[in-house]
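Student:
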Amino acid sequence: MNSVTASLPANLYLRNLSLADLDQVDKLESQAFSENERASREKIAYRLRNCADICFGLFQTCDDPNAEILVGHTLSTKTNSFFITDQAMEMPELDPVTHTPVSEQEKLGHLPTGPTVALHSLAVAKNFRKQGLAQVLMKYTAEAISSDNATTRNRADRISIIVHGELVPFYQHLGYKDNGPSKCAHGGEKWNDMWLEL
Ligand SMILES: CC(C)(COP(=O)(O)OP(=O)(O)OC[C@H]1O[C@@H](n2cnc3c(N)ncnc32)[C@H](O)[C@@H]1OP(=O)(O)O)[C@@H](O)C(=O)NCCC(=O)NCCS
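2 is the number of the first residue of the sequence shown in this note's numbering; add one for each residue after it.
#1: In this structure, does DSSP put R48 in helix, strand or coil?
#2: Near ligand 1, which residues have their beta-carbon less than 5 Å from any of its heavy atoms, given in chain order?
#3: For N51, count neighbouring C-beta atoms within 10 Å of its own C-beta (all shown protein chains included) and say buried if the count is 16 or more, exposed if not.
#4: For the region 127–138 and the region 79–93, state whether three or more C-beta atom pairs, one from each stretch, are separated by less than 8 Å.
#5: For the candidate residues K127, D158, T99, W192, whose alpha-carbon lies nearest to that of G73?
#6: Which two residues bound the contiguous alpha helix (DSSP H) that contains V137?
#7: I think L59 touches D22, with their Cβ atoms under 8 Å apart; what is that distance to the nearest whole Å?
#8: Rounded to whole angstroms, what's the CA-CA distance from L109 to E69? Just pull it up for me.
#9: With a floor of 4 residues, list each alpha helix (DSSP H) that falls wholly inside the region 145–196, ordered by position along the chain.
#10: Is there contact between the region 164–183 and the region 10–28, where contact requires at least three CB pairs shorter than 8 Å?
#11: Give the list of continuous alpha helix (DSSP H) stretches no shorter than 4 residues that lie fully inside the region 86–119.
#12: Just to confirm before moving on: does the CB-CB distance between I160 and W192 stay below 8 Å?
#13: Write down the C-beta distance between L112 and T80 rounded to the nearest angstrom, noting that I regard them as a contact closer than 8 Å.
#14: So what does DSSP say about N37, is it helix, strand or coil?
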């Protein structure tokens, strides 16, 4: 983990996200993705409630020691399948009071014992792009869920992602393999399945 964070400027740091970060994550998600591609605020809240241990934020310190600015994030769930499926992108029906799934039969969204981390969102704020920060976030995410420090809750065998064709080289540079066109039709778009064995 140190090798990844060592490359960051002193005013930037990485940590797990939590539900307290919802407003900033929602804002960055809407800046980075079109309406049909972005995760809804409700879905982000679901992920931060249920699997914040595999969701990470890159933050910038500011003058107010109690404030921090979200600069980038990765949002993920765990899934039983090798590649990302439309079901993995969804969320189960939730009890309005407890926010837990109404039925345990539903195989939608986060499946805690799944061997695959389905990485749904990588976003970097516009004014921080082209500085290598997305690469840092992706490397940090991979190390956090594969290191000796990973718990059984967040450890996984691989990371799977769906990507637009133009970003395939970016992920290949990070060691991901390209499996070609995905069956996933998220947002009515065409995607490639890529994965990184951990
Ligand atoms: C994609 C994204 C996360 C990259 O963040 P970043 O911090 O600028 O990325 P890095 O600086 O680590 O790497 C930059 C590299 O990403 C690749 N890249 C980024 N955007 C790209 C695009 N639209 N088309 C092709 N390559 C792109 C290039 O290889 C680029 O290298 P270059 O600067 O030499 O051209 C950022 O542009 C973003 O948030 N975009 C909107 C959301 C998105 O598309 N997320 C990925 C979905 S899977």
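All C-beta atoms in this analysis are idealised placements derived from N, C-alpha and C, irrespective of residue type, glycine included.
Tutor: According to the structure data:
#1: helix
#2: A33, L123, A124, V125, R130, K131, G133, L134, A135, Q136, V164, E167, F171
#3: buried
#4: no
#5: K127
#6: 134–147
#7: Not a contact, Cβ separation roughly 11 Å.
#8: Straight-line Cα distance between these residues: approximately 33 Å.
#9: 169–174
#10: no
#11: 87–90
#12: no
#13: 6 Å
#14: coil
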